[in-house]
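Scroll down for the structure; my scribbles are underneath it.
Protein chains: 2
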Amino acid sequence: MREVAIIGVGQTPVAEHWDKSLRDLAAEAIYVALADAGWSTTEGLFVGNMLSGSLNHQENLGALIADWVGLRHIEALKVETACASGAAAFRTGMIAVASGELDSAIAVGVEKMTDSKPAEVTAALATAADADWESAQGLTFVALNALIMKRYMYEFGWNHADFAPFSINAHANALHNPYSRLPFEITVEDYITSRMVADPINLLDASPIGDGAAAVLLVPADSLDRYAARDGRTAVRIIGSASATDIFALHDRKNPLWLAAAANSAKRCYAQSALEPQDIDFFEIHDAFSIMSVLSLEACGFAECGQAPRLALDGDICLTGRIPITTMGGLKARGHPVGASGVYQIVEIVQQLRGKAGKNQIDAARVGMAQSIGGSGATILTHLLQRW
Amino acid sequence: MREVAIIGVGQTPVAEHWDKSLRDLAAEAIYVALADAGWSTTEGLFVGNMLSGSLNHQENLGALIADWVGLRHIEALKVETACASGAAAFRTGMIAVASGELDSAIAVGVEKMTDSKPAEVTAALATAADADWESAQGLTFVALNALIMKRYMYEFGWNHADFAPFSINAHANALHNPYSRLPFEITVEDYITSRMVADPINLLDASPIGDGAAAVLLVPADSLDRYAARDGRTAVRIIGSASATDIFALHDRKNPLWLAAAANSAKRCYAQSALEPQDIDFFEIHDAFSIMSVLSLEACGFAECGQAPRLALDGDICLTGRIPITTMGGLKARGHPVGASGVYQIVEIVQQLRGKAGKNQIDAARVGMAQSIGGSGATILTHLLQRW
């Protein structure tokens with residue numbers, strides 16, 4: 001396989017874009033990514049999206065978006081792995097370029113959720129869970145995560161307030177990200193008194209839905225000498241990429257508190273890059289709910305089982321901490337347009353590695369890790385990116 | 001890229017499988033494909049499916065099916081390109097193996113449509129068209145194809161009865177395919193007097209929906225010496241693979257009677273294999289509607305523009321003709337479980353190339369072509385397979 005590099009990134013704000021359709025959002029992110037690289041075209045388009053069939057009455061998104069942005073006649077398709085769809089589209093595009101089949105590809109994650117009624121969105125998100133054995137019993141997606149969090153608190157003796165730093169850190173970082181959905185700071189008091197959604201998950205444990213799109217342009221690394229970086233918009237190297245699945249329904253797993261697919265995909269990335277957790281400078285984590293940050297940190301080797309809340313309480317997840325997470329606000333506060341989030345993470349890592357993360361810049365950021373989760377841990381993709 | 005071979009195939013009958021869920025159908029096809037190759041596992045699962053989100057309340061199909069069939073922890077995802085989803089999943093799996101990222105992959109196409117009400121299925125299928133500029137105006141998917149057929153008849157002076165041979169040929173071939181949905185023969189009289197669906201498309205111009213799954217096992221060709229063919233179940237070589245898109249909405253195309261994405265993807269396959277249309281022994285065509293067979297034959301170089309009905313009237317599309325099409329019944333009579341059809345085509349080509357097509361066997365079949373169409377020509381994938 002050829003090594004693959006990212007040479008352009010783009011994103012829209014995560015918001016209620018009532019004036020922009022699904023294809024408009026995707027186009028905006030793609031145009032920015034192309035302009036960022038100084039390019040005007042690409043050979044393939046890989047769309048990450050989860051809900052367009054159920055919420056937007058639109059499939060065949062690959063061809064739809066390729067046509068809309070003027071990339072006519074190119075290869076295009078949609079990839080779906082629930083909330084990890086963006087990361088899966090990114091990996092699929094990367095493999096197509098690595099294989100030599102394509103000499104360039106755009107991965108775009110896009111989701112348009114706020115035109116639909118809340119009950120429709122809740123039902124659509126439940127398609128990430130097992131329709132026959134979970135959703136059909138009345139379990140919403142947040143309820144599944146609530147069961148996990150409750151069990152975690154019981155097993156390891158943590159109180160709900162101990163999870164506050166995850167939300168506080170995400171919101172603090174979103175404040176300085178112009179693309180974020182909830183750019184305001186919160187306090188421990190705000191967290192504790194926030195409205196309950198599904199006990200013990202309250203509103204500030206849960207990421208907000210939203211409309212948005214993020215895109216990256218991928219090329220073979222050996223072609224980079226042809227594309228000089230302009231204005232410090234340097235290329236970024238993909239040094240690890242892996243995807244894994246787990247037993248699907250929560251009740252079938254021997255240990256519902258261990259994200260096997262996170263551990264497996266992270267391990268593969270560490271092996272590919274010859275790096276270890278301590279070599280990672282920051283971690284864009286799938287904090288759809290606070291508990292998912294906890295389980296990811298543990299599965300990826302940043303904390304012992306049952307001890308990730310300690311990491312957060314000690315400040316180790318902040319921008320200046322040992323392993324900064326959600327450096328631009330994460331799913332929690334940048335927002336979670338589900339099929340797009342996996343690509344937002346990649347865009348944000350590129351911003352950090354280029355030294356373009358503004359007030360949220362990590363000092364001497366060299367290696368960033370992204371992890372995206374589909375379902376309650378059923379599909380997990382991990383990526384490692386390195387400064388050129 | 002490494003050359004890739006198919007070493008196992010499996011399929012379920014296309015039917016109203018009221019006793020089998022989506023995952024059951026996929027599992028059945030996967031188990032048969034693995035057993036066909038004498039294998040028990042694989043490294044990746046690529047699911048082609050269009051409608052699970054809108055009709056089955058289930059996404060994250062990759063992980064769901066991987067778990068269900070016991071292929072736990074492997075990489076898995078769903079690929080969607082409307083009715084061409086199966087072909088796109090096949091190509092995505094092929095590229096993953098060709099790249100070296102995976103040493104084996106299963107592509108499975110699956111669709112479960114008959115549990116839903118007809119109006120729900122019609123609305124779901126319309127997501128293949130442009131939601132904002134076509135479906136929102138009341139155009140169903142069959143209505144779009146009716147507009148194309150009407151224009152074709154007007155431009156080139158054909159009568160409706162001239163299209164009869166496409167349907168008659170498909171039904172004749174389905175008769176001897178134990179997996180087919182409509183295994184009965186029809187006459188010209190049946191065709192002419194069949195009930196109208198959307199003028200000029202009648203019931204015998206249109207393919208039936210259905211439930212079904214088809215699967216293939218892909219491995220690098222250079223590993224084939226390790227897997228001896230048993231009982232004549234030889235490997236099949238993929239010698240051409242290409243995907244292309246077109247201007248999305250029908251009304252935006254300069255010529256709605258020219259499938260540019262069919263022509264572009266076929267041309268690329270011809271170039272990859274150094275073959276020409278006259279070297280192709282048979283053609284598994286996307287005959288969702290009779291008019292699509294016509295346009296595919298013309299775009300791929302088997303007939304001049306406006307002349308494909310002549311090919312059919314002359315008997316050239318029959319099993320003993322110049323370019324046999326839909327040799328196992330096609331979408332028209334084997335049935336069209338939409339996201340699965342692209343993989344059914346591949347399975348049927350393998351049957352022919354192995355000499356295992358029973359009463360439908362093409363003499364000395366050496367090279368077969370498959371073409372799968374998503375939307376009214378918006379996404380088209382073409383594949384060329386060759387006997388080992």
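These protein sequences, in sequence, are chains A and B. Its first residue numbered 1, the first sequence is counted upward by one per residue in this note's numbering. Its first residue numbered 1, the second sequence is counted upward by one per residue in this note's numbering. Note that CB positions come from ideal geometry on N, CA and C, so glycine has one too.
Query raised in the report: With distances taken from CA atoms, which of Gln-272/B, Lys-112/B, Trp-133/B, Ala-308/B is nearest Gly-212/B?
Result: Translated into the one-based positions of the second sequence, residue 212/B becomes position 212. Among Gln-272/B, Lys-112/B, Trp-133/B, Ala-308/B, the Cα nearest to that of Gly-212/B belongs to Lys-112/B.
Query raised in the report: Using the rule of at least 16 other Cβ atoms within 10 Å of the residue's Cβ for burial, across every protein chain shown, is Glu-28/B buried or exposed?
Result: As a working mapping, residue 28/B is identified with position 28 in the second sequence. Buried, because 16 or more other Cβ atoms sit within 10 Å of the Cβ of Glu-28/B.
**Report entry** Cβ shell of His-176/A (< 7 Å), same chain only, five flanking positions each side left out
**Finding:** Along the first sequence, read from residue 1 onward, the residue named residue 176/A stands at position 176. Excluding sequence neighbours, His-176/A sits near Gly-358, Lys-359, Asn-360.
Report task. Identify, in the order they occur along the chain, each residue of the same chain with its Cβ nearer than 6 Å to the Cβ of Ser-104/B, setting aside the five sequence neighbours on each side. Result -> Position 104 of the second sequence, counting from 1, holds the residue named residue 104/B. These residues qualify, in order along the chain: Thr-42, Glu-43, Val-219.
Requested in this report: Please determine if the region 376-386 of chain B and the region 339-356 of chain B are in contact, where contact requires at least 3 C-beta pairs separated by less than 8 Å.
Outcome: yes
Query raised in the report: What does DSSP give as the partner residues of Lys-78/B in its beta bridges?
Result: For the purposes of this step, residue 78/B is taken as residue 78 along the second sequence, with counting starting at 1. DSSP lists Glu-80/A, Val-47/B as partners of Lys-78/B.
Query - Through-space distance from Arg-253/B to Gly-330/B, alpha-carbon basis - result: Within the second sequence, the letter at position 330 stands for residue 330/B. Within the second sequence, the letter at position 253 stands for residue 253/B. C-alpha separation (whole angstroms): 27 Å.
Requested in this report: Could you name the residues of the same chain whose beta carbon sits closer than 8 Å to that of Pro-200/B, not counting the 5 residues immediately before and after it, in chain order?
Outcome: Numbered from 1 along the second sequence, position 200 holds the residue referred to as residue 200/B. So the list reads Ala-146, Met-149, Lys-150, Met-153, His-160, once near-sequence residues are dropped.
**Report entry** Proximity to His-17/B [Cα-Cα], best of Thr-379/B, Gly-335/B, Lys-356/B
**Finding:** For the purposes of this step, residue 17/B is taken as the residue at position 17 of the second sequence. Closest option to His-17/B, Cα to Cα, is Gly-335/B.
Query raised in the report: By the criterion of Cβ-Cβ separation under 8 Å, what are the contact partners of Thr-140/B in chain A?
Result: Your numbering for residue 140/B matches position 140 in the second sequence. Per Cβ cutoff of 8 Å: no residues; Thr-140/B is ~13 Å from chain A at best.
Query - Limits of the unbroken alpha helix (DSSP H) element including Pro-165/B - result: Looking up residue 165/B in the second sequence gives position 165. That run of the alpha helix (DSSP H) goes 164-174.
Report task. Keeping to the same chain, check which residues put their C-beta closer than 7 Å to that of Arg-366/B; ignore five residues upstream and five downstream. Result -> Reading the second sequence from its first residue, position 366 is the one you call residue 366/B. Asp-281, Gln-386, Arg-387.
Query raised in the report: Can you tell which of Ala-288/B, Ile-285/B, Ala-215/B, Gly-86/B has the C-alpha that lies nearest to the C-alpha of Asp-36/B?
Result: Reading the second sequence from its first residue, position 36 is the one you call residue 36/B. Nearest C-alpha to Asp-36/B: Ala-215/B.
Requested in this report: Have a look at the DSSP bridge pairing and note the partners of His-57/A.
Outcome: The residue given as residue 57/A occupies position 57 in the first sequence. BP columns for His-57/A are empty, so no partner.
Report task. Report the residues of the region 215-226 of chain A with a CB closer than 7 Å to any CB of chain B, ordered along the chain. Result -> none
Query raised in the report: Assuming Leu-77/A and Glu-80/B make a contact with CB atoms under 8 Å, what is their CB distance in whole Å?
Result: In the first sequence, counting from the first residue as 1, residue 77/A sits at position 77. In the second sequence, counting from the first residue as 1, residue 80/B sits at position 80. The pair is a contact, with the Cβ atoms about 7 Å apart (cut-off 8 Å).
Query raised in the report: alpha helix (DSSP H) containing Ser-243/B: first to last residue?
Result: On the second sequence, residue 243/B is found 243 positions in, with the first residue counted as 1. Unbroken run through Ser-243/B is the beta strand (DSSP E), 236-245; no alpha helix (DSSP H).
Requested in this report: Say whether chain A places a C-beta atom closer than 9 Å to the C-beta of Arg-354/B.
Outcome: The residue you call residue 354/B lines up with position 354 of the second sequence. For Arg-354/B, the answer is no, since every Cβ of chain A falls outside 9 Å of its Cβ.
Query raised in the report: Are the region 234-253 of chain A and the region 5-15 of chain A touching, with three or more C-beta to C-beta distances below 8 Å?
Result: yes
Query raised in the report: In chain order, what residues of the same chain have a beta carbon less than 6 Å from the beta carbon of Ala-266/A, not counting five sequence neighbours either side?
Result: By 1-based counting over the first sequence, the position of residue 266/A is 266. Only Cys-300, Thr-382 meet the Cβ criterion.
Query raised in the report: Is it the case that the Cβ atoms of Glu-75/A and Ser-99/B are separated by a distance below 9 Å?
Result: The sequence position of residue 75/A within the first sequence is 75, counting from 1. The sequence position of residue 99/B within the second sequence is 99, counting from 1. The answer is no: Cβ separation not under 9 Å.
Query raised in the report: By Cβ distance below 7 Å, which residues in the same chain neighbour Ala-143/A in space, the five residues on each side in sequence not counted?
Result: As a first step, residue 143/A is located in the first sequence; it is residue number 143 there, counting from the start. If we look at Ala-143/A and ignore the five residues flanking it on each side, its Cβ neighbours are Ala-198.
Report task. Can you have a look at Arg-322/B and say buried or exposed, based on whether 16 or more other CB atoms are within 10 angstroms of its CB? Result -> What you label residue 322/B is simply residue 322 of the second sequence in a count that begins at 1. Under this definition Arg-322/B is an exposed residue.
**Report entry** Proximity of Cys-318/B and Pro-324/B at Cβ, strictly below 9 Å
**Finding:** Within the second sequence, numbered from 1, the residue matching residue 318/B stands at position 318. Within the second sequence, numbered from 1, the residue matching residue 324/B stands at position 324. Taking 9 Å as the Cβ cut-off, Cys-318/B and Pro-324/B qualify as a contacting pair.
Requested in this report: Could you tell me which residues DSSP puts in a beta bridge with Glu-298/A?
Outcome: Start at 1 with the first residue of the first sequence, and residue 298/A comes out as number 298. According to DSSP, which records beta bridges pairwise, Glu-298/A is partnered with nothing at all.
Query raised in the report: Is it true that the CB of Glu-134/A sits closer than 9 Å to the CB of Leu-55/A?
Result: Sequence index remark: in the first sequence, residue 55/A carries index 55 (1-based). Sequence index remark: in the first sequence, residue 134/A carries index 134 (1-based). No.
Query raised in the report: With 16 other CB atoms within 10 Å as the buried threshold, where does Phe-390/B fall?
Result: Because chain B in this structure spans residues 1 to 388, residue 390/B falls outside the shown range and cannot be described.
Query raised in the report: For Ala-274/B, does the count of other Cβ atoms within 10 angstroms reach 16, so buried, or fall short, so exposed?
Result: As a first step, residue 274/B must be located in the second sequence, where it is residue number 274. Counting Cβ neighbours within 10 Å, Ala-274/B comes out exposed, since fewer than 16 surround it.
Query raised in the report: Between Thr-245/A and chain B, is there a C-beta pair that is closer than 9 Å?
Result: As a first step, residue 245/A must be located in the first sequence, where it is residue number 245. It does; some Cβ of chain B falls within 9 Å.
Query raised in the report: At which residues does the beta strand (DSSP E) containing Glu-111/A begin and terminate?
Result: Numbered from 1 along the first sequence, position 111 holds the residue referred to as residue 111/A. Taken as a continuous stretch (DSSP letters only), the beta strand (DSSP E) holding Glu-111/A covers 105-111.
**Report entry** alpha helix (DSSP H) runs wholly inside the region 249-274 of chain B, at least 4 long, in chain order
**Finding:** 260-273
Query raised in the report: Which partner residues does Val-9/A have in the DSSP bridge list?
Result: Sequence index remark: in the first sequence, residue 9/A carries index 9 (1-based). DSSP, once it has assigned bridges, lists Val-216/A as partnering Val-9/A.
Requested in this report: Taking Ala-136/A as the reference, give the member of Ser-21/B, Ala-370/B, Phe-283/B, His-57/B with the closest Cα.
Outcome: Here residue 136/A refers to the residue found at position 136 of the first sequence. Comparing Cα-Cα distances from Ala-136/A to each of Ser-21/B, Ala-370/B, Phe-283/B, His-57/B, the minimum goes to His-57/B.
Query raised in the report: With a CB to CB cut of under 7 Å and the five nearest residues on each side skipped, what residues in its chain are close to Thr-245/A?
Result: In the first sequence, residue 245/A corresponds to position 245, counting from 1. For Thr-245/A, where only same-chain residues beyond five positions count, the Cβ hits under 7 Å are Ala-261, Ala-378, Thr-379.
Query raised in the report: Pick from Ala-15/A, Val-47/A, Ser-40/A: whose alpha carbon is nearest that of Ala-26/A?
Result: Within the first sequence, the letter at position 26 stands for residue 26/A. It is Val-47/A.
Query - Neighbourhood of Ala-164/B by C-beta distance below 6 Å, restricted to the same chain and skipping five residues each side - result: Taking the first residue of the second sequence as 1, we reach residue 164/B at position 164. Closer than 6 Å at the Cβ level, and outside the excluded window around Ala-164/B, lie Val-188, Tyr-191.
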